[in-house]
Amino acid sequence: LFHNFQRCYAELSLPVQLPGVMIKGQAQQNISLYEYVCTQLCSFITSLPASLFPALECTLLDAVLSPHMLTALLATDAWCFLARYGSAELCAHHISLIAQLVKSCCGECYQLSHLSLLLRRMLFLMSADHQVVFVERFSPKETSNLLLWRQVNVKALTPELQKPVTSDITRTAIDQCLKWQSSKCALGELEQVNVALAALVAVCHAHGEALNLGLQLSITETLCQMWTIITVEQVLSQHCIQQTVALLLSLVALLIRVVGPTLIAQVVLFLSSLLPLNPPDHVRLAALDFLGSLGKIVIPPDVQGTVLPKLPCLFASLLADKSWLILQHALQGFTLFAEETCHEAVVPHSLESGGIKNKVVSFLNKVITTVECKELQVERLKQENNILDAHFTSLNMCAVNDPVVMEPSAKRARLEHCEEYESALQTAENAFKTLQTLIQEGPVPERIMVRLQALQTIIMDLNNGR
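To convert a position in the sequence shown, counted from 1, into the numbering used here, add 69.
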């Protein structure tokens, strides 16, 4: 079933409509292929004898771990139905196994995303007594369990558990960040800090502005310390630092009402230097979260002269982005800012370009810019299906040939030599590009030319192996 389901890309995308289940007293309605298959699958599960449940569990797990997102989602829906249909003990047992699998995932991968979605949904179905046992088994006071709690919505827990678990996650995560700062900020240990920051993001997302003020201030203090360590050059050259910056931006956005003016100005200046250098998509998306959140507050007078002149350029650069994903989020973020901000002058200055203004107006008016006929739509779906088939085949081959993904040792305090070379070269390249731009803008002082000649000598010595 799952194998054939993932071959129905076009039918799921259109979507194909099928007659739904007849309900007494109601007219029969058409439903999507996805809903039809899901309904039939859940009905089939109820007819299975207990002896076949082990095979069912293996089949569902295999489908959840599939690279095909809709197949994994179908298996997730079916598994949640099983959790409701079965006993509370069966649900608790499954959640415990899934939690162990989440903790065992190496790095960021699609398997982790699918398992985490399943865990988040099933935790809402867990009985109160079993939730207590779950919290005791995967205590948020232990750093190793932050891998799990960063994926969990604490609102799924009973009200009695939410407050202590939230407090424990926050304090454990902050302690992890402080430990990293006191250990000379080793790059090899930054992945553990990213896990801690992700756990803080999960807590702030779940509670929003209702999060305890003391915890909010503790997180903000940690953010201030983290921002002083990171440089633009590091973000451009190191993937783990890119992830750190994205998480920090998300946290500042979520806590925008309590962060101080100094941190707001620091982040805006940082983005003014970073965004023109075209950082990765996830960093730009996090930057949009931050920029959109500025509409919720009055920029403090002592930093208005620093912050407000920078905002139009930042918004304009993101609204002009060629990536449809960035553009869509930029339109949403700018609209959110424009609707809420009391600094109205920023809005027209961000729309000085006619092209950008037209995009925003079309977005606000919900104008559909592209209309496909049925023939073109079918042809596009065929092409997309071929691309996805090749992608899924590649992922399956990687899983067969290399089933175990090795992660760097958590205790490694420094980069391997090849990574150090790459980092140093990236920093040097960025510095040379900056120099090149400055030289092109005007006359170069003689002392600068002397230092450039000295650099040329150093580069020649490096090429000669000295």
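In this text, a Cβ means the ideal position worked out from N, Cα and C, and glycines have one as well.
Can you tell which of the options has its C-alpha closest to the C-alpha of residue i?
i: residue 538; options: 114, 268, 312, 101; result: This structure cannot settle anything about residue 538, because the visible part of the chain is limited to 70 through 535.
i: residue 130; options: 159, 174, 183; result: 183
i: residue 405; options: 114, 433, 234, 89; result: 433
i: residue 117; options: 224, 442, 154; result: 154
i: residue 288; options: 112, 272, 301; result: 272
i: residue 42; options: 240, 89, 390, 494; result: Residue numbering for the chain in the displayed model covers 70 to 535; residue 42 lies beyond these limits and cannot be assessed.
i: residue 465; options: 126, 137, 232; result: 137
i: residue 353; options: 250, 313, 162; result: 313
i: residue 196; options: 158, 451, 308; result: 158
i: residue 414; options: 336, 379, 139, 443; result: 379
Within 10 angstroms of the Cβ of residue i, are there 16 or more other Cβ atoms? Answer buried if so, exposed if not.
i: residue 72; result: exposed
i: residue 135; result: buried
i: residue 501; result: exposed
i: residue 410; result: buried
i: residue 531; result: exposed
i: residue 96; result: exposed
i: residue 263; result: buried
i: residue 505; result: exposed
i: residue 438; result: exposed
i: residue 358; result: buried
i: residue 364; result: buried
i: residue 331; result: exposed
i: residue 486; result: With a pLDDT of 49 at residue 486, under the threshold of 50, the predicted position of this residue should be treated as unreliable, though the coordinate-derived value follows. Residue 486 should be labelled exposed.
i: residue 245; result: buried
i: residue 361; result: buried
i: residue 254; result: exposed
i: residue 297; result: exposed
i: residue 160; result: buried
i: residue 75; result: buried
i: residue 145; result: buried
i: residue 524; result: exposed
i: residue 119; result: exposed
i: residue 424; result: exposed
i: residue 124; result: exposed
i: residue 107; result: buried
i: residue 348; result: buried
Is the CB-CB distance between residue i and residue j below 8 Å?
i: residue 458; j: residue 394; result: no
i: residue 355; j: residue 305; result: no
i: residue 429; j: residue 400; result: yes
i: residue 235; j: residue 274; result: no
i: residue 141; j: residue 147; result: no
i: residue 52; j: residue 121; result: The question about residue 52 has no answer, for the chain in this structure spans 70 to 535.
i: residue 377; j: residue 368; result: yes
i: residue 320; j: residue 280; result: no
i: residue 270; j: residue 316; result: yes
i: residue 422; j: residue 381; result: no
i: residue 621; j: residue 345; result: The shown model of the chain, from 70 to 535, leaves out residue 621, and the question about it has no answer.
i: residue 454; j: residue 103; result: no
i: residue 221; j: residue 192; result: yes
i: residue 285; j: residue 327; result: yes
Strictly by DSSP, which residues pair up with residue i?
i: residue 101; result: 86
Would residue i count as contacting chain D if we go by Cβ distances under 8 Å?
i: residue 144; result: Included in the structure is just one protein chain, with no chain D present.
Does the Cβ of residue i lie closer than 7 Å to at least one heavy atom of the ligand FMN?
i: residue 376; result: The ligand FMN is not among the ligands present in this structure, which contains no ligands whatsoever.
Quick one: which unbroken alpha helix (DSSP H) runs of 4-plus residues sit fully inside the stretch 250-334? Chain order, please. 259-276, 282-296, 301-306, 308-323
What runs of the alpha helix (DSSP H), each 4 residues or longer, lie entirely inside the stretch 193-229? 197-206, 215-218
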